[in-house]
Amino acid sequence: MPMQATKPRLLIVDDELLIRDLLYDYFKNRDYEIAVAESGQGALDQVGNGHFDTVILDLKMPDMDGLELADKIREQDHDIPIIIMTGYPSLDSAIEALRRRAEDYFIKPFNLKQMNRAVESAVTRAGCTVPVSDPDATL
Amino acid sequence: MNGAPNATLLVVDDEQFVRDLLEDFFAKNGYTVATAANGETAIDRCRNDRFDAALVDLKMPDRTGTDVLGELRAIDPNLPVIIMTGYPTLDSSVEAIRRGAQDYVVKPFRLQDLKERVDRAVRTRALTRDIDELRNRLAAVEDELRQYRAQHNVAPAFGS
Numbered sequence: 005m006p007m008q009a010t011k012p013r014l015l016i017v018d019d020e021l022l023i024r025d026l027l028y029d030y031f032k033n034r035d036y037e038i039a040v041a042e043s044g045q046g047a048l049d050q051v052g053n054g055h056f057d058t059v060i061l062d063l064k065m066p067d068m069d070g071l072e073l074a075d076k077i078r079e080q081d082h083d084i085p086i087i088i089m090t091g092y093p094s095l096d097s098a099i100e101a102l103r104r105r106a107e108d109y110f111i112k113p114f115n116l117k118q119m120n121r122a123v124e125s126a127v128t129r130a131g132c133t134v135p136v137s138d139p140d141a142t143l
Numbered sequence: 080m081n082g083a084p085n086a087t088l089l090v091v092d093d094e095q096f097v098r099d100l101l102e103d104f105f106a107k108n109g110y111t112v113a114t115a116a117n118g119e120t121a122i123d124r125c126r127n128d129r130f131d132a133a134l135v136d137l138k139m140p141d142r143t144g145t146d147v148l149g150e151l152r153a154i155d156p157n158l159p160v161i162i163m164t165g166y167p168t169l170d171s172s173v174e175a176i177r178r179g180a181q182d183y184v185v186k187p188f189r190l191q192d193l194k195e196r197v198d199r200a201v202r203t204r205a206l207t208r209d210i211d212e213l214r215n216r217l218a219a220v221e222d223e224l225r226q227y228r229a230q231h232n233v234a235p236a237f238g239s
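Protein sequences, first through last, are from chains H and S.
According to my numbering, the residues represented by the first sequence are 5 to 143, in order.
According to my numbering, the residues represented by the second sequence are 80 to 239, in order.
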């Protein structure tokens, strides 16, 4: 059996269960290793306990603003690629995301294929090999 | 010392008034400044010279600032590009994120604020260059070590 490359590790942070489940299922099918967090503090605990190749995080959570969370994650891992998603887009938050070197800024509801492309580009930049996508899993 | 002495800056704007203003201001602050009145000229300048940062207006007659941003970074992937606009929109700011802009500033801006952002961009670029150089040196040392081990038949200290 050939040696398997290590799976890229994704952290998905959203207080909405539906979004967490949707992204979890989608990327699990694409052979990523995934952790989920439903709060800013939960995300920080996950980042403190292990390395991630990309974080996808929601801007609006009950305990913490997503931009503040991005700053705190970067304090622990300076170069980790961060993809922002939000149901409440604004010019100000997009500019702040840009200044925090976000990889991308997705407005909900977003296209999963576009999210997949953004994640592939982010994990590649983080030095991972993109898993072979399941061609049947189109959404 | 604020910013980087002798840093080079490319200013891209179709308004002569803005080009003159920024050229004058940054030259007085120790930058070597080149200007371009459109996207095509900016791309030519970037092909021929190395810049430490670029200020690019979003709205130009021949192409959008985000297109210029994409082309400049295709030529020099580490070039920090700051987008300037008098017409900020969510779409263009998201596009700027996707194309790897360093910053997005809304006109009218205070020159001192802009300078702080350009200074920061130049410092970041210099640090990135230092990190790349250190990584390359580390890789070279690891290579030598591997060769030494192979020649002298020394087992690595840790499993690899």
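Ideal Cβ placement from N, Cα and C applies to all residues, glycine included.
Cβ proximity to chain S below 8 Å picks out P93, S94, L95, A98, I99, A101, L102, R103, A106, E107, D108 from the stretch 88-108 of chain H. Taking a cut-off of 8 Å for Cβ pairs, the stretch 167-184 of chain S and the stretch 213-222 of chain S do not touch, as fewer than three such pairs fall below it. For H/E100, the secondary structure class from DSSP, reduced to helix, strand or coil, is helix. Interface with chain H (7 Å Cβ-Cβ cutoff): S/Y166 is excluded. Here the alpha carbon of S/T143 sits roughly 57 Å from the alpha carbon of S/A234. Positions of the beta strand (DSSP E) runs, each at least 3 residues long and wholly inside the stretch 180-224 of chain S, are given as 182-185 in order along the chain. Per DSSP, reduced to three states, the secondary structure at S/E150 is helical. Per DSSP, reduced to three states, the secondary structure at S/V97 is helical. When secondary structure is reduced to three states using DSSP, H/E42 falls in the coil class, being assigned neither helix nor strand. Closest by C-alpha distance to S/L88, out of S/C125, S/Q95, S/I154, is S/C125. Shown here, S/L158 sits in coil according to DSSP, grouped into three states, outside any helix or strand. Contact with chain H is found for S/I176, since one of that chain's Cβ atoms lies less than 7 Å from the residue's Cβ. In the DSSP assignment, H/I60 falls within the beta strand (DSSP E) that extends over 58-62.
For H/R13, same chain residues with a beta-carbon under 6 Å away, outside a window of 5 residues either side, are E37, F56, D57 in chain order. Looking at the DSSP output, H/Y109 shares a beta bridge with H/I88.
In the DSSP assignment, H/R13 falls within the beta strand (DSSP E) that extends over 13-17.
The beta carbon of H/R105 lies closer than 8 Å to those of I86 in the same chain, with the five residues before and after it left out. Proximity of S/A205 to chain H, defined by a Cβ-Cβ separation below 7 Å, is not satisfied. Partner residues in the beta bridge of S/V135, as assigned by DSSP, are S/V91, S/I162. Under the three-pair Cβ rule at 8 Å, the stretch 81-101 of chain H does not count as touching the stretch 39-47 of chain H. Listed in chain order, the non-local C-beta contacts of S/A121 below 6 Å within the same chain comprise V91, A115, V147, local neighbours out to five positions each way being set aside.
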